[in-house]
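I have placed the structure first, in the form of structure tokens, so that the comments after it can refer back to it.
In my numbering, the protein residues as written are 35 to 395.
Right under this line is the structure:
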């Protein structure tokens with residue numbers, strides 16, 4: 035029986051190797067190529083890290099079944115590499131959505147390379163482990179965007195808009211989960227509800243954003259000066275976002291749904307690795323609640339509450355208390371370790387900015 039500690043140790047080694055391998059190639063390439071070359075080199079680093087771990091750690095890491103929670107059904111090493119790519123995709127999709135929103139709302143033709151957008155997104159989320167992610171991500175994105183001639187107002191407002199789509203998507207899948215439970219676990223019914231709500235939201239989101247912008251403008255007139263200025267920044271950004279056409283909104287909603295599915299799949303894979311006896315359908319139904327807890331603005335990344343929710347769900351579905359607690363902790367460590375993937379982009383942001391500026395001339 036493999037423990038969550040084994041899983042966490044391997045993940046930390048993988049992402050450390052990934053980051054170390056990414057640094058030299060990020061220095062050598064143009065910003066448009068940096069992301070893909072760094073991801074490819076990261077795979078090499080992950081494989082090298084695995085072999086280093088196997089050769090230097092205790093004999094438990096030499097077992098072929100080290101990659102499995104169940105020694106009778108070992109998980110191949112390629113599964114870990116696949117999951118590493120999925121985690122990178124989750125971060126990259128959020129950055130891509132923000133980049134798309136910026137591209138649609140830019141005033142002077144400015145843009146931002148995907149590598150810088152990924153760096154800003156990942157570091158905003160990492161800082162969001164200590165303060166609210168609704169505050170940290172717009173601030174970091176605005177700081178990075180200013181280096182590319184994009185105003186802090188536009189960057190922060192569009193960031194909040196992109197993040198709000200995640201909450202809208204969460205509401206959609208939560209509704210679908212409730213319907214699925216009421217229908218006795220009928221997945222086709224839940225899928226119909228999901229796509230129906232996406233169409234409805236795509237149609238209705240522009241007037242909702244317009245109403246929210248007006249409310250923020252009114253609130254800014256009665257709040258203290260500093261809060262009023264911050265409220266105006268948000269209102270300006272949401273006003274720009276509300277001007278987008280429905281085809282862009284539909285694409286953004288689809289990307290948000292894809293990101294949710296990747297998050298769901300990654301978390302279920304980790305749980306299944308550590309606790310293979312746990313049924314998956316109840317976890318699928320409970321996952322929107324877990325994400326909602328992790329998104330609460332007054333709890334940075336839902337620290338503590340998310341682990342408690344995960345452990346409670348696992349115990350209700352047959353896990354013992356110790357295994358549920360270890361699994362919840364493993365999920366937290368994996369989510370933190372994944373942000374090592376994109377540190378090279380922020381570390382070498384000055385070089386990326388210079389190359390991008392030359393390409394724009």
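Yeah, the Cβ is synthetic: ideal placement off N, Cα and C, and Gly gets one too.
Please read all numbers here as calculations on a predicted model, not as lab measurements.
DSSP assignment within the stretch 175–227 yields the following whole alpha helix (DSSP H) runs of 4 residues or more, N-terminal first: 186–216.
Taking 8 Å as the cut-off, the Cβ atoms of residue 250 and residue 269 count as close. In the three-state reduction of the DSSP assignment, residue 330 falls in the coil class.
With respect to the 8 Å criterion, residue 298 and residue 327 are not classified as neighbours on the basis of their beta carbons.
With a cutoff of 8 Å on beta-carbon distance, residue 330 and residue 124 are scored as not near each other. Setting aside the 5 residues that flank it on each side, residue 359 is surrounded in the same chain by 345, each with a C-beta closer than 6 Å to its C-beta; the list follows chain order. Just measuring C-alpha positions, the residue of 233, 347 and 169 sitting nearest residue 193 is 169. Between the stretch 127–136 and the stretch 148–157, the count of Cβ pairs shorter than 8 Å is three or higher; the stretches touch. By the Cβ criterion, the stretch 279–295 is in contact with the stretch 198–209, since at least three pairs of Cβ atoms, one from each stretch, lie closer than 8 Å. Taken atom to atom, the span from the alpha-carbon of residue 351 to that of residue 321 is near 13 Å. If the five residues before and after residue 355 are omitted, its C-beta is found closer than 7 Å to the C-beta atoms of 349, all from its own chain and listed in chain order.
When the five nearest sequence neighbours on each side are left out, the beta carbons in the same chain lying within less than 6 Å of the beta carbon of residue 347 are those of 320, in order along the chain. A straight line joining the alpha-carbon of residue 254 with that of residue 248 spans about 10 Å. Rounded to the nearest angstrom, the Cβ distance from residue 146 to residue 122 is 18 Å, too far for a contact under 8 Å. Between residue 183 and residue 338, the alpha-carbon positions lie close to 39 Å from each other. Distances from the alpha-carbon of residue 163 to those of 361, 340, 357 and 353 put 340 closest. Between residue 309 and residue 362, the C-beta gap is not smaller than 8 Å, which leaves the two residues out of contact. Counted as a single uninterrupted DSSP element, the alpha helix (DSSP H) harbouring residue 148 occupies residues 148–161.
A check of alpha carbon separations from residue 120 across 304, 316 and 195 identifies 304 as the nearest. Taking every protein chain shown into account, the CB of residue 313 has fewer than 16 other CB atoms within 10 angstroms, so this residue is exposed.
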